[in-house]
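Residue numbers (our numbering): 108 to 249. Worksheet: the structure to be examined is printed underneath.
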Amino acid sequence: MFALNLLSESTNEPNLTWLLWLVLGIFLLIVIVGWLVSNKKDDEPVAAPSTPAAPAAPAAPDVLKKLEGIGPKVEGVLNAAGITTFAQVAEADVEKLREILAEAKLQMMDPAGWIEQAELAAKGDWDALEKLQDELKGGRRA
Numbered sequence: 108m109f110a111l112n113l114l115s116e117s118t119n120e121p122n123l124t125w126l127l128w129l130v131l132g133i134f135l136l137i138v139i140v141g142w143l144v145s146n147k148k149d150d151e152p153v154a155a156p157s158t159p160a161a162p163a164a165p166a167a168p169d170v171l172k173k174l175e176g177i178g179p180k181v182e183g184v185l186n187a188a189g190i191t192t193f194a195q196v197a198e199a200d201v202e203k204l205r206e207i208l209a210e211a212k213l214q215m216m217d218p219a220g221w222i223e224q225a226e227l228a229a230k231g232d233w234d235a236l237e238k239l240q241d242e243l244k245g246g247r248r249a
């Protein structure tokens, strides 16, 4: 008897089918609007920033220990001074490098040979760098 009551339309409960359709309609409307908005953002050209251009991201640090005469301690000192790439070593002034080393109490180091090596390393000329390093002793010409 209970099963027959579920199937018959003559129940005393209010018909809430319209509420189900309303909820479904609102859901579909939200999905469609979201899809349209997301597609519109992809089609819009990217506007140029109105603020001055941000400085370029710093180059990835190089392993300065690849240069003859630079060990882990000196590499750390140079990195702390902001010198992290072969190009920065190549462009550095020898006297400035000496000052950095003196501040770290590494006065006995001679950075003069590092610049020539760093120029080759910055260019990626590893064969020439290896040949030069064969002629050096502790980063200095032998």
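Each residue gets a CB set at the ideal place from its N, CA and C atoms; glycine is no exception. Bear in mind the structure is a predicted one, so any value in this text is a computation, not a measurement.
Where in the region 215-244 do unbroken runs of the alpha helix (DSSP H), each at least 4 residues long, occur, reported from the N-terminal end onward?
Correct list: 219-230, 233-242.
Starting from Lys203, trace the alpha helix (DSSP H) both ways and give me its first and last residue.
Its alpha helix (DSSP H) spans residues 201-210.
Contact check, Ile222 vs Ala199, beta carbons under 8 Å
The criterion of a C-beta distance shorter than 8 Å is satisfied by Ile222 and Ala199.
May I have the straight-line CA-CA distance separating Lys203 from Gln224, to the nearest angstrom?
About 17 Å.
TODO: Use the C-beta contact count for Ala166: other C-beta atoms within 10 angstroms, 16 or more gives buried, fewer gives exposed.
DONE: Exposed, because fewer than 16 other Cβ atoms sit within 10 Å of the Cβ of Ala166.
Check your understanding: Any idea what DSSP makes of Thr191, helix, strand or coil?
Key -> In this structure, Thr191 counts as coil in the three-state DSSP scheme.
Check your understanding: Can Gly219 and Ala194 be called in contact, C-beta distance under 8 Å?
Key -> Strictly speaking, residue 219 in this sequence is Ala, with Gly absent from that position. No; because the gap between Cβ atoms is not below 8 Å, this pair is not in contact.
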